[in-house]
Amino acid sequence: MPHAIDRLFKAVCEASDGDPALSRTAKLRQEGVPKMAKKVAEEAAEVAIEAVSGAREALIRESADLIYNLVVLWSAADVEPKDVFDEMDRRERLYGIAQKLPKSEQLRAKGFIPQAKLTTDL
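Structure follows, in structure tokens:
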């Protein structure tokens, strides 16, 4: 059985071309990436607020909203869940399961640090 995020991604892709008056997903897709990005930021803030307040059930609900809006944004940006999972696997191999990409590698990926400098950064 596919992962819940894969099922959500498939449903989002299928709903993207629907009637914006009937489909929240179609409405977000019609409004464009800036609106989708704003929704992701809003939901992330709500997740943080609920975490700080200690409202576990609200945190779970807001987290589901965040994941939905993130998946809608991925679909518009031609990013599939597998792409994100592959990156997570790569990071796990390099840095461990719970590690964020080091800042130097983020900068190199954006072209701010030349490739040759990588060996001195790690």
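Taken in order, the sequence shown gives residues 252 to 373; the numbers are from the working numbering. In this text, a Cβ means the ideal position worked out from N, Cα and C, and glycines have one as well. Nothing here was measured: the structure is a model prediction, and the numbers come from that model.
The C-alpha of TYR346 is placed about 10 angstroms away from the C-alpha of ASP340.
SER314 has its alpha-carbon roughly 13 angstroms from the corresponding atom of LYS290. The beta carbons of VAL335 and THR276 sit about 19 angstroms from each other, so the pair does not count as a contact at 8 angstroms. Short of 8 angstroms from the beta carbon of MET287, and not among the five residues preceding or following it, lie these beta carbons of its own chain, in chain order: LEU279, ARG280, ASN320, VAL323, LEU324 and ALA327.
The DSSP-derived three-state label of VAL330 is coil. With contacts defined as CB atoms closer than 8 angstroms, LEU317 and ALA302 fail to qualify as a contacting pair. Excluding residues up to 5 positions away in sequence, ILE256, ASP257 and PHE260 lie with their Cβ nearer than 6 angstroms to the Cβ of PRO332 in the same chain. Cβ neighbours of GLU356 within its own chain (closer than 6 angstroms, five residues either side excluded): none.
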